Amino acid sequence: MDLLVYIDRSYVRPGKAAELEAAARRLTEHVTRSERRAISYGIYFSDDRATMTVVHVHPDSDSLEQLLAVVAPRLAPFRDLLQLRSIDVYGSPSAAVLERLDAKVRVLGGTITVHHAVAGVVAETLGTTV
Numbered sequence: 001m002d003l004l005v006y007i008d009r010s011y012v013r014p015g016k017a018a019e020l021e022a023a024a025r026r027l028t029e030h031v032t033r034s035e036r037r038a039i040s041y042g043i044y045f046s047d048d049r050a051t052m053t054v055v056h057v058h059p060d061s062d063s064l065e066q067l068l069a070v071v072a073p074r075l076a077p078f079r080d081l082l083q084l085r086s087i088d089v090y091g092s093p094s095a096a097v098l099e100r101l102d103a104k105v106r107v108l109g110g111t112i113t114v115h116h117a118v119a120g121v122v123a124e125t126l127g128t129t130v
């Protein structure tokens, strides 16, 4: 199972929610035009707009690496809008992905935690009897 799930959580800087939402929409449009392998990509705000969460799902490490490369040049302006709290990756990312994540936290702050799978199934195998 090569599937990777990426989740990052950020604090929205006071008074910056509307500006951050507009920037997040522009980033999503860029991802939509530039990235073709991701299974999903979404940006979410908490009800009080104090936190933002980014979630994407990838079929493999190469897909996540490609998406990180697509967004990397557009991250610097986000420093004034948010404080990255954490990045969690579920699955086994490549060394190249970990390098890109390290670069992201150098720009935006935060921590990286990798969660390696110990058990699970993918949709194609659910309900299948062996």
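Residue numbers (this note's numbering): 1 to 130.
All residues carry an ideal CB built from backbone N, CA and C; glycine is no exception.
Source: prediction; values computed, not measured.
C-beta contact flag for residue i and residue j at 8 Å
i	j	result
A76	V57	no
L4	G91	yes
S86	R9	yes
S63	S94	no
I43	A17	no
V55	V89	no
L67	E29	no
L84	V105	yes
E65	A103	no
Anticipated Cβ contact below 8 Å, residue i with residue j, distance rounded
i	j	result
L82	Y11	6 Å
A72	R33	With 8 Å as the limit, A72 and R33 do not qualify as a contact, their Cβ atoms being about 16 Å apart.
I39	P59	6 Å
E19	F45	At roughly 12 Å, the Cβ-Cβ gap does not stay under 8 Å, so E19 and F45 are not in contact.
Local conformation of residue i per DSSP, three classes
i	result
L108	helix
Residue(s) in a DSSP beta bridge with residue i
i	result
H115	Y90
D8	V54, I87
Q.
To test your reading of the DSSP string, which unbroken alpha helix (DSSP H) runs of 4 or more residues are found completely within the region 20-102?
A. 61-71
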